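**Student:** So that we are looking at the same thing, I have put the structure below in structure tokens.
In our numbering, the protein residues as written are 3 to 189.
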């Protein structure tokens, strides 16, 4: 402990305080360095800082602009997709309607053709029936004339007279059949 007490007891300059000359030289050097840095280096740092801040700000604005453009394109694509889907639905509906119209038209044409074929067949059957009736009348007439000639015992070869008699007989027979056929229906 003695050495500490000896050091504390000495009166002399304070070892923690610098000498005045060193303090003045240090302050002058600090002032020169400060003014040099403020005049030369600080503007360079300030300009670099401003450029970086502008670049960052510009980059952020460009990113926001790119994001806005991307969102706008996305909305346009979605609108186009919705339009395409609605157009596809409309085309499908048109195709269904056209298909139904074609089927209906084909059905109508087939029904019309079937009616024409049936009418043609009916007309042909009617014509054949009338021809068979004419042939049958002729045959019945000649057979009736021959039979009447055998019953009466004389020849009834007068064609006009025998034809008139046969036609009148067949007409009376048809009238009788028509009245018999109409009678039971009314009853």
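The beta carbon of each residue, even a glycine, is placed where N, CA and C say it ideally should be.
A quick note: this is a predicted structure, and the numbers were derived from the prediction, not measured.
1) Just to check my reading of the structure: residue 172 and residue 118 have Cβ atoms closer than 8 Å, yes? What is that Cβ distance to the nearest angstrom?
2) Under the three-state reduction of DSSP, which class applies to residue 45: helix, strand or coil?
3) Which of the three DSSP states is assigned to residue 16 in this structure?
4) Closer than 8 Å is the cut-off here; do at least three beta carbon pairs connect the region 140-151 with the region 164-184?
5) Below 9 Å between beta carbons: does that hold for residue 28 and residue 17?
**Tutor:** According to the data block:
1) Walking along the chain shown from the start, residue 172 turns up at place 170. Walking along the chain shown from the start, residue 118 turns up at place 116. Rounded, the Cβ-Cβ distance is 34 Å, inconsistent with contact.
2) Taking the first residue of the chain shown as 1, we reach residue 45 at position 43. It is helical.
3) Here the question's residue 16 lines up with position 14 in the chain shown. Residue state, collapsed to three classes: coil.
4) yes
5) In the chain shown, counting from the first residue as 1, residue 28 sits at position 26. In the chain shown, counting from the first residue as 1, residue 17 sits at position 15. No. Outside cutoff.
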